[in-house]
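Chains A and B, in that order, are what the protein sequence lines are. Reading the first sequence from the start, the letters are residues 8 to 359 in my numbering. Reading the second sequence from the start, the letters are residues 8 to 359 in my numbering. Some notes on the structure that comes next.
There are 2 protein chains.
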Amino acid sequence: MSDIVALRKAQPRIREFALIRTLARRFARRTTQLIRGIGDDAAVLASPTQGWWHVTTDLLAEGIHFDMRTASLESVGYRAAMVNLSDIAAMGAVPRYVLISLAMPSNFGTRQTIQLYTGLMKACRPRHVILIGGDTSASKAGLFVSLTILGTTKSRRALFRHGARVGDDIYVTGTLGDSLAGLQLLARVPSTRPSRRVFSPLRASHKNFLINRHLHPAARLAEGQWLNNTRLATAAIDLSDGLSGDLRHLCEESRVGAEIELNTLPISAACRGYAKSRHMDAALIALRGGEDYELLFSAAPMKRASIARHARARGFHVTRIGTIRPRRFGMQMNTPDGTLKPIPNMSYEHFC
Amino acid sequence: MSDIVALRKAQPRIREFALIRTLARRFARRTTQLIRGIGDDAAVLASPTQGWWHVTTDLLAEGIHFDMRTASLESVGYRAAMVNLSDIAAMGAVPRYVLISLAMPSNFGTRQTIQLYTGLMKACRPRHVILIGGDTSASKAGLFVSLTILGTTKSRRALFRHGARVGDDIYVTGTLGDSLAGLQLLARVPSTRPSRRVFSPLRASHKNFLINRHLHPAARLAEGQWLNNTRLATAAIDLSDGLSGDLRHLCEESRVGAEIELNTLPISAACRGYAKSRHMDAALIALRGGEDYELLFSAAPMKRASIARHARARGFHVTRIGTIRPRRFGMQMNTPDGTLKPIPNMSYEHFC
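In C-alpha cells form, the structure reads like this:
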C-alpha cells in the first residue's frame, strides 16, 4: 500500500462523512414526500400528483457577497438561504427542500460548519424547508456557499417575469434601500460629500434596523403565494439587484417599458434618517439599493382596490410606484421637480 | 446619483445578464415538461404523474479537485457534470435537468465561461440533460463549479445504498484505478520506490488511455438504469472516492461487512502497464483509486446467471469481486498469498 499512500497531503474525506452524519442528525427532517434525504447518492422525492416544481440556485462568495470581517458565519448561512428563498417567493411557490454545496477554507472545522448550517436552518426551518443533501469540499482560498432550493405550487401556475402588460400598475412590497444603507454602515463607507460635518446624526435604533435588514433579510414568501394564488399579479421578480436593475429585467422579459414615480418609493424612517445623516437622496438609495429581497410586481389597474383590500386584510405592506409603458418609452422616472428622466442603468453591485 | 455610485469597484452584474442570455441561447433547450428554463427567478418543471425525482449536488474547487495547469476549462466543465451524472446513475435514474453555480476569477471572460459550459454540455447533451438555470459570480481566488442535477425514475423505485444483505455478491462495472493512474501521470507523481531505473516503460497508448479516463470519465447511466429497472441489484453506489472508501459507505448504510477477492478486481491493461512501470501493485491502485465513476453494487447470489446473461446481451462490463458479510466481519480482503487482511481505510483524496 505504501506505493500509493501519501500521494498528496489531502483533505481527509473521511472527516467529511463524519461531518455529514453530524449535520444530518442535527438538521435533517423527514416528510412523507421525501423518500430519501441525506446519506445516499441523491435525494429522492415523490412527485406531487399535479402542480409544478420550482428550482433555483444561487451562490455567495467570500469577498464578493460577504466579508468575514463584518459578517458572522450564521448570517452568511442565513443570507444564502434567503437569497434562494426569495427566488422561490418571486415565483409564488412554496419552498420545500434545500441542498447546500460548501467549499471551506482550511481553518474551518466542525464548529464553523455548524454555525453556517445553523444560520441556514434559521432561515429554512420556520418555513418548513428540509435539508436533503449537499456536498462539502476544502477551498484553497475563501468560503463559497451554493444553495439549491426546490419549491412547489399546487396548481400549474406561477408568477413569471414575462406577463407585464402596458397600462399595468407597478408595485413593491416593504421598503427599499434599507439593505444598502445597512451594508454601507457595516462597511463604514464614508460620506461622499466634501463636508465632514454631520448635521443630523443617525439614531442607534435606525442604525440597528438597517444593519439587521442587511444581515437578516426576509423573503416575501407569503406575499408571493398570495399574488400567485389570487392571480392578482401579471408578473413578478424579487429585488436582489435593486429596483433599477430588477425592474429592467422584468421589463425586458415582458418586452415593455416602465415609468416610476420617484416620490412614491416606500422608504423606511431609518433609511430616511441614514440618507439625511449622509446628505444623500433617500429616493436614490431606494432606487439603486440591492439585496432588499422585496417583491416587485405588476397588476392590472382594475385590481387596484382588490390588492389594497387583500393587502390590508393580510397585513402585507404593498406600495404602487408606477406604470408599465410601451417598450419604446424605455425606463423613466418622474422626479419631484416634475421632470421625466431616464432611470439610470445601475444594478446593485454586491459586496466588493 | 453620485452620492451612492462608485460604492465600490464592482463585478459588473449587468454583464452577468448579457452572459446568461448568451449561454441560454447557446446551451438551453425546451421540452414539454420544462415550463420555464433560464430567464426567470426559478426554473419551473411539470411533475411526472408518477415516479420519483432524484436530486444531487456536487462541487469542484480549483486546487482541490482540479489544477488549471493540467486541466482545460472544458475538461473541468465535463468532469463537474460527470461527477453529478454518476450520482444519478447510482440511483438508477434518468438525468433530466442541470443547474450550474459558478464563481469565476477576475481573469475569466465570456470565452472562458463558454469553454467551461461547452465541456458541461458535452457531458449533458448526448444524455439529453437540459440546462435550466444557474448563478454566476466573481471569485476573489480560484474557480468554483457547483452543479445540481435532477433525474427521474418512471416507477417509485431506486438503487439505494442501504439494501445489501449478508451473502449477496459484490460487483463493479468497468475497470478500477485508471483515473488515479491518469491523475498521477498528469501530476507527474514520481515513483515512490528508491530505484529510479524503469524496467518496463509505459506505452504511449496506455498513457493516453489513463489520462483520458481521468479527464473524461463516463457515468454508468445505462448500467444503473438496467440494475434498477430489472431489480437485479440490492444496493448500489458510484465509485467517486475509490473502492475502499465507497464500499465502506455502502456497508455502513446497509449495516453489513464485506469480503473482497483482491485478485478479481477488474484492471485495464493500461493500468497494469502503469503499475509495472512504477513498480507498484496494480490491485492496490484499483482498491484505492478514486474518480473512476464506475458502479459498485450488490446482488443476491441466485441472480448471478441472470446478471451475467443480461450484461453480455447489453455489452456491459461487470465483474464479481466479493461477498457481503455480517457487520462484525468488518471489511476484509483476500490477498493473492491466501491471507485475509483488513481493507485499509483510505478514501481517495482529490487533487491536492
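Just so you know, even glycine gets a beta-carbon here, dropped at the ideal spot from N, CA and C.
query, result
"Inter-residue spacing [alpha-carbon to alpha-carbon] between M309(A) and A318(A)", "15 Å"
"Spatially closest choice to T64(B) from Y104(B), H256(B) and G99(B), by CA coordinates", "Y104(B)"
"Chain A contacts from the region 55 to 66 of chain B (Cβ-Cβ distance under 8 Å)", "P55, T56, Q57, G58, W59, W60, H61, V62, T63, T64, D65 and L66"
"7 Å Cβ cutoff, T120(B) in contact with chain A", "no"
"Proximal residues to Y361(A) (C-beta, below 8 Å), its chain only, five neighbours per side dropped", "Beyond the ends of chain A as shown, which are 8 and 359, falls residue 361(A); an answer cannot be given."
"Three-state secondary structure (DSSP) of T237(A)", "coil"
"Straight-line gap, G70(B) to V152(B) (C-alpha atoms, nearest Å)", "12 Å"
"T346(B) classed as buried or exposed, judged by whether at least 16 other C-beta atoms fall within 10 angstroms", "exposed"
"Sub-7 Å separation of A97(A) and D48(B) beta-carbons", "yes"
"Selection from I177(A), A290(A), K161(A) and P333(A) that minimises the alpha carbon distance to H61(A)", "K161(A)"
"Per-residue burial, Q57(A) [other beta carbons within 10 Å of its own, 16 or more giving buried]", "exposed"
"Buried versus exposed, by CB contacts within 10 Å (16 or more), G149(B)", "buried"
"Positions along the region 124 to 145 of chain A whose CB lies within less than 9 Å of some CB in chain B", "I139, G140, G141, D142, T143, S144 and A145"
"Where E298(A) falls: helix, strand or coil (DSSP)", "coil"
"is_contact[K283(A), chain B] using C-beta, thresh 7 Å", "no"
"Closer than 7 Å at the beta carbon, the chain B residues around K214(A)", "Neighbours of K214(A) on chain B: none; closest Cβ ~17 Å, over 7 Å."
"Separation of L239(A) from I314(A), as counted between CA atoms", "7 Å"
"Below-7 Å beta-carbon distance, L254(B) vs any chain A residue", "no"
"Nonlocal neighbours in the same chain, by C-beta distance under 8 Å from I95(B), ignoring five residues either side", "H61, T63, V101, P102, I156, G158, A226, L228 and G231"
"Residues from the region 261 to 295 of chain B in contact with chain A, defined by Cβ distance under 9 Å", "A282, R285, H286, M287, D288, L291, I292, L294 and R295"
"T155(B): contacting residues in chain A (beta-carbon distance under 7 Å)", "T64, L106 and T155"
"Chain B within 7 Å of M340(A), Cβ atoms only", "no"
"Under 8 Å from the C-beta of A78(B): neighbouring residues of chain A", "Near A78(B) there are no residues of chain A at all, since even the closest Cβ is about 15 Å away, more than 8 Å."
"Cutoff 7 Å: L347(A) Cβ touching any chain B Cβ", "no"
"Close Cβ partners of E81(A) (< 6 Å) along its chain, the five nearest in sequence each way excluded", "Q122, T125 and G126"
"CB contact check: G99(A) to chain B, cutoff 7 Å", "no"
"Chain B residues whose Cβ lies nearer than 7 Å to that of F167(A)", "R43 and D47"
"For N114(A), the three-state DSSP class (helix, strand or coil)", "coil"
"Local conformation of A13(A) per DSSP, three classes", "Below a pLDDT of 50, predicted positions are generally treated as unreliable, and A13(A), at 27, falls in that range; the measurement from the model is reported next regardless. The answer is coil: DSSP assigns A13(A) none of H, G, I, E or B."
"Limits of the beta strand (DSSP E) - the one that R332(A) falls within", "V325 to R332"
"CA-to-CA distance, F336(B) to I107(B), given in whole angstroms", "42 Å"
"Beta-carbon neighbours of D94(B), restricted to chain A and to distances below 8 Å", "D48 and A49"
"Burial state of K214(B) (16 or more Cβ within 10 Å)", "buried"
"Amino acids of chain B, ordered along the chain, whose beta-carbon sits closer than 8 Å to that of K147(A)", "A68, E69, G70, I71, A148, G149 and C359"
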